[in-house]
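Asker: Sequence order for the protein chains is A and B. Residues 2 to 224 in the numbering used here are what the first sequence lists, from first letter to last. Residues 27 to 228 in the numbering used here are what the second sequence lists, from first letter to last.
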Amino acid sequence: MSDNYGSIMKEGLWDQNVVFAQLLAMCPTMAVTTSGTNGLGMGLATTVVLVVSNILVSMIRHTVSSQVRIPVFVVLIATLVTVVDMAMNAWLHDLYKVLGLFIALIVVNCAILGRAEAFAVKNGVAASAVDGLAMGLGFTGALTFIGLIREFLGAGTLFAQASNLLGPAFAFLEIKLPGYGGALLMILPPGGFAILGFLLAGKRVMEQHLAEKAAAQAAPVAA
Amino acid sequence: MNFESFREKIGYQPVLLGVIALLASGALAWASAATSGAIAAAEAKDLRDSLSEVLPQGLADNDFLKDTVDLEKSGKTVTIYRARKGGAVSAALFKVAERGYAGEIQVLMAVDREGRTLGVRVLKHAETPGLGDKIEVKKDPWVHSFEGKSLGDPAPEKWGVKKDGGVFDQFAGATITPRAVVKAVKGGMDFFAAHKAEIIGG
């Protein structure tokens with residue numbers, strides 16, 4: 002693994018995207034992406050935990066023997082999430098009232114253990130922090146995107162209640178499609194799986210197309 | 027012996043696990059102690075805000091946070107806040123709880139002396155975001171549908187969601203959540219009716 006932060010960012014945001022490439026964290030993905038705002042909130046909360054957990058795991062990586070690393074990381078992440086939960090409840094109470102629903106779900110997010118295991122345990126602290134940030138932002142982007150599609154098809158709105166999460170200044174994000182009742186299926190879990198399936202297929206088609214184009218450019222013109 | 031090989035010894039691993047568990051418990055205990063005061067204060071502020079939210083303006087001229095009476099309700103103590111106007115109790119405010127889809131839903135309600143609901147707010151819940159959380163007033167006006175209802179209006183068998191033949195709407199995709207809230211409010215009305223003398227007499 003490298004210390005090339007640019008490529009770490011690219012891995013997290015696209016090539017190894019938690020949702021679209023690794024297909025990890027399906028539980029929070031399906032549960033939370035009923036609206037763009039919820040997806041964004043869950044993504045941001047997860048990003049914070051992911052960065053801190055990657056830093057901690059990277060810091061103790063030489064002390065932990067490989068046989069007991071999994072229980073050590075699980076205890077570490079569970080503790081971290083609980084502390085974040087309590088600290089937010091105490092000092093960021095208004096934000097907690099909005100995001101509090103999601104914090105408990107982060108414990109069951111296997112992407113955090115996944116990054117500890119796949120990256121932080123083998124890399125330095127700075128690189129691990131960047132990886133956590135990249136993976137978190139990739140996750141946030143994916144959740145927000147799926148959430149927006151499901152919300153639009155299911156309820157006919159975009160970023161509903163965004164001002165609750167981000168403050169009244171962001172009320173302009175909220176769009177309501179007039180006269181559209183919504184297709185409830187899209188809000189329910191089956192709709193989530195269907196949307197995710199279409200997005201995955203779309204990503205593959207796009208990547209295949211890009212690869213063909215790259216191959217055509219690399220080939221000698223005379224051929 | 028260097029650290030690398032020492033790290034692989036069987037004896038090292040339980041010690042390491044123990045130390046990590048100890049550190050984690052220590053961190054949790056410290057965080058809990060450091061935050062409990064602020065959390066309690068924040069929840070008290072929430073309570074004060076929601077109390078004045080369920081109580082229509084002009085019904086109280088006393089500090090109802092101080093005017094309380096504790097009553098038993100199925101083994102638990104319920105604190106009732108009494109709003110007074112000109113000395114007489116004009117409304118009673120109290121918390122009720124019912125099991126929802128995911129954990130307990132805590133509901134705060136205000137009842138006037140004739141037993142009519144003045145206002146209902148959900149204080150705390152863990153229902154599904156996007157589906158069950160429409161019980162929050164800032165996401166959906168649904169909880170306003172309780173206002174003005176009493177035990178006789180609608181009739182007892184109509185105190186349910188529409189799916190169960192009642193008068194209250196359920197949400198598309200979430201029936202258990204509103205059902206629990208209706209049950210909680212109904213339970214609160216029964217409770218008020220059973221203890222009316224103690225609440226407004228005292």
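Ideal Cβ placement from N, Cα and C applies to all residues, glycine included.
Using the C-alpha atoms, what's the distance from L96(A) back to A68(B)?
Answerer: Cα-Cα distance, rounded: 12 Å.
Asker: Would you list the residues sitting across from T143(B) in a DSSP beta bridge?
Answerer: BP columns for T143(B) point to V137(B).
Asker: Have a look at G84(B), S78(B), G126(B) and F194(B) and flag the residue whose alpha-carbon is nearest the alpha-carbon of R147(B).
Answerer: The option with the nearest alpha carbon to R147(B) is S78(B).
Asker: Within 8 Å of any Cβ in chain B, is that where the Cβ of S54(A) sits?
Answerer: Chain B, which has no Cβ nearer than 8 Å to the Cβ of S54(A), makes this no.
Asker: Whose Cβ in chain A lies nearer than 9 Å to the Cβ of Q39(B)?
Answerer: The contacting residues are S66, Q68 and V69.
Asker: Contact check, K184(B) vs D195(B) under 8 Å by CB: the rounded distance?
Answerer: That pair is no contact at about 13 Å.
Asker: From the DSSP secondary-structure annotation, give me the bridge partner or partners of Y107(B).
Answerer: Beta-bridge pairing links Y107(B) to T94(B) and L119(B).
Asker: Could you check whether the Cβ of L42(B) sits closer than 8 Å to any Cβ belonging to chain A?
Answerer: Yes, its Cβ sits closer than 8 Å to a Cβ of chain A.
Asker: So, is the C-beta of P169(A) closer than 8 Å to a C-beta in chain B?
Answerer: Chain B, which has no Cβ nearer than 8 Å to the Cβ of P169(A), makes this no.
Asker: Relative to chain B, which residues along the region 143 to 176 of chain A have a C-beta separation below 7 Å, given in chain order?
Answerer: If the cut-off is 7 Å between Cβ atoms, the region 143 to 176 of chain A has Q162 and N165 near chain B.
Asker: Please report the distance separating the alpha-carbon of Q17(A) from that of A198(B).
Answerer: Each residue's Cα considered, the two are about 36 Å apart.
Asker: Distance check for M89(A) and A287(B), CA to CA, integer angstroms please.
Answerer: Given that chain B is displayed from residue 27 to residue 228, the structure contains no residue 287(B) and the question cannot be resolved.
Asker: Need the endpoints of the alpha helix (DSSP H) that K204(A) sits in, please.
Answerer: Looking at the DSSP string, the run of the alpha helix (DSSP H) that includes K204(A) is P190 to A219.
Asker: Within the same chain, show all residues whose beta-carbon is closer than 7 Å to that of V50(A), passing over the 5 residues directly before and after it, in chain order.
Answerer: Excluding positions up to five away in sequence, the list reads L81, V82, V85, I107 and I113.
Asker: Could you check if A224(A) is buried or exposed, using at least 16 other CB atoms within 10 Å of its CB as the buried criterion?
Answerer: Residue confidence for A224(A) is low, a pLDDT of 46 falling below 50, so the modelled location carries little weight; the figure read from the coordinates is stated next. So A224(A) ends up on the exposed side.
Asker: Helix, strand or coil: which one does DSSP assign to K123(A)?
Answerer: In this structure, K123(A) counts as helix in the three-state DSSP scheme.
Asker: Output, in chain order, the set of chain C residues within a Cβ distance shorter than 8 Å of G199(B).
Answerer: The structure shown has no chain C; the protein chains it does contain are A and B.
Asker: Determine contact between the region 129 to 144 of chain A and the region 17 to 36 of chain A, defined as no fewer than three beta-carbon pairs at a distance below 8 Å.
Answerer: With the cut-off at 8 Å, the region 129 to 144 of chain A and the region 17 to 36 of chain A touch.
Asker: Based on the DSSP secondary-structure assignment, which residues constitute the bridge partners of T158(A)?
Answerer: T158(A) is bridged to K177(A).
Asker: Here's the rule: buried if 16 or more other CB atoms are within 10 angstroms of the residue's CB, otherwise exposed. What is L232(A)?
Answerer: Since the first residue shown for chain A is 2 and the last is 224, residue 232(A) is missing from the structure and cannot be characterised.
Asker: Of all the options S176(B), E153(B), E173(B) and G174(B), which has the alpha carbon lying nearest to the alpha carbon of E130(B)?
Answerer: Considering only alpha carbons, the answer is E153(B).
Asker: Quick one: list the residues of chain A neighbouring R139(B), beta-carbon separation under 8 Å, in chain order.
Answerer: Per Cβ cutoff of 8 Å: no residues; R139(B) is ~32 Å from chain A at best.
Asker: Taking 8 Å as the cut-off, decide whether the C-beta atoms of K150(B) and D159(B) are in contact.
Answerer: Against a cut-off of 8 Å, the Cβ pair of D159(B) and K150(B) comes out as no contact.
Asker: Quick check on the burial criterion: 16 or more other C-beta atoms within 10 angstroms. Buried or exposed for F29(B)?
Answerer: F29(B) comes out exposed.
Asker: Can the beta-carbon of G157(A) be found closer than 8 Å to that of M187(A)?
Answerer: No.
Asker: From the DSSP output, in three-state form, read off L157(B) for me.
Answerer: Of the three classes helix, strand and coil, the one that applies to L157(B) here is coil, per DSSP.
Asker: I'd like to know whether the C-beta of I65(B) is nearer than 8 Å to at least one C-beta of chain A.
Answerer: Closer than 8 Å to some Cβ of chain A, the Cβ of I65(B) qualifies, so yes.
Asker: Please classify I150(A): does DSSP put it in a helix, a strand, or coil?
Answerer: Correct three-state label for I150(A): helix.
Asker: Use the C-beta contact count for F74(A): other C-beta atoms within 10 angstroms, 16 or more gives buried, fewer gives exposed.
Answerer: F74(A) comes out buried.
Asker: Given 8 Å as the limit, is there contact between the region 130 to 145 of chain B and the region 168 to 182 of chain B, that is, 3 or more CB pairs closer than that?
Answerer: Yes, they touch.
Asker: V208(B) to F120(A), Cα distance in whole Å?
Answerer: When rounded, the distance between both Cα atoms is 49 Å.
Asker: Could you name the residues that DSSP lists as bridge partners for E124(B)?
Answerer: For E124(B), which the question treats as bridged, DSSP gives the partners I131(B).
Asker: Would a check of beta-carbon distances place A121(A) closer than 8 Å to chain B?
Answerer: No, because no Cβ of chain B sits closer than 8 Å to the Cβ of A121(A).
Asker: Taking DSSP as the reference, what is the three-state secondary structure of V187(B)?
Answerer: In this structure, V187(B) counts as strand in the three-state DSSP scheme.
Asker: DSSP state of G174(B), grouped into three classes?
Answerer: Coil.
Asker: Give the secondary structure of K222(B) by DSSP, where H, G and I count as helix, E and B as strand, and everything else as coil.
Answerer: Of the three classes helix, strand and coil, the one that applies to K222(B) here is helix, per DSSP.
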